[in-house]
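Participant: Numbering-wise (my numbering), the sequence shown opens with residue 52 and increments by one.
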Amino acid sequence: PRELFVDEAFADHAYQDIALPIECGQTISQPYVVAFMTEKLDLDERHKILEIGTGSGYQAAVLSHLCRRVYTVERWRELQKAAERRFAKLGITNVTTIIGDGWLGWPPQAPFDRIIVTAAAKEAPPALLDQLKMGGRMIIPLGESRDAQQLVEIDKTEAGLTEMPLLPVRFVPLVQGRAGVGARVPKGARAVKPEDA
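1. Bridge partners of K99, per DSSP?
2. Which residues share a DSSP beta bridge with E54?
3. Mapping DSSP to helix, strand and coil, what is L212?
4. Alpha carbons only, please: which of E214, S196, G211 and P216 is nearest the one belonging to F222?
5. Quick check on Y66: buried or exposed, where buried means 16 or more other Cβ atoms within 10 Å of its Cβ?
6. Does the segment 130-142 come into contact with the segment 170-184, if we say contact requires no fewer than three beta-carbon pairs (one atom in each stretch) closer than 8 angstroms?
7. Are the beta-carbon atoms of R188 and D93 separated by less than 8 angstroms?
8. Is V203 near P216, with beta carbons less than 8 angstroms apart?
9. By the 10 Å Cβ neighbour count, where 16 or more other Cβ atoms means buried, how is K173 classified, buried or exposed?
10. P52: which of K140, K91 and R126 sits nearest, CA to CA?
11. Is it buried or exposed for I167, if we count other Cβ within 10 angstroms and need 16 for buried?
12. Which residue from A112, N145, R126 and E135 puts its Cα closest to that of M119?
See the structure below:
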């Protein structure tokens with residue numbers, strides 16, 4: 052139920068195929084992009100997934116029905132705690148969250164069958180590639196600017212990494228470091244209207 056993952060002010064827009072603003076200057080991706088990224092992960096019920104960017108928890112909630120376990124990393128404690136409350140309300144028990152730096156992934160739980168990144172980077176973080184299991188797949192938005200991003204599928208094979216561009220997208224940036232306890236939205240961050248998200 053996507054309306055449980057958006058701000059009450061945007062509940063009327065919950066089932067439109069648009070991204071919506073959430074707390075801390077972040078967004079919840081449009082349903083089409085969530086579905087597309089999920090499909091490209093090519094999941095089965097035995098897979099262990101790493102998600103970078105918990106956000107509202109919507110993508111993790113979708114993934115939780117399709118795999119064994121989801122580990123999800125979020126910079127903002129406010130977002131992490133809100134997502135955990137939503138998971139509890141929905142009875143989702145196979146999602147584990149942590150506050151951390153998405154660029155570093157979650158080494159103690161590696162390797163992962165699949166990695167999904169819900170914020171854009173200039174390049175795939177090396178630590179995440181290291182944590183991807185042989186034969187695994189990462190779906191990540193890559194690009195120098197918000198206006199020039201491409202969703203990319205990266206497969207890890209014995210012969211090396213293969214990249215395939217999938218779809219032009221617009222994601223918030225993947226920021227290095229932790230926001231930390233009591234951190235606030237960075238100066239200059241602005242609320243995003245539904246039509247701009």
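Ideal placement from N, C-alpha and C gives every residue a C-beta, glycine not left out.
Facilitator: In this structure, then:
1. R120
2. Its beta-bridge partners do not exist; DSSP assigns none.
3. strand
4. S196
5. exposed
6. no
7. yes
8. yes
9. exposed
10. K140
11. buried
12. First, the residue type needs correcting, since residue 119 is Arg and not Met in the sequence shown. The option with the nearest alpha carbon to R119 is N145.
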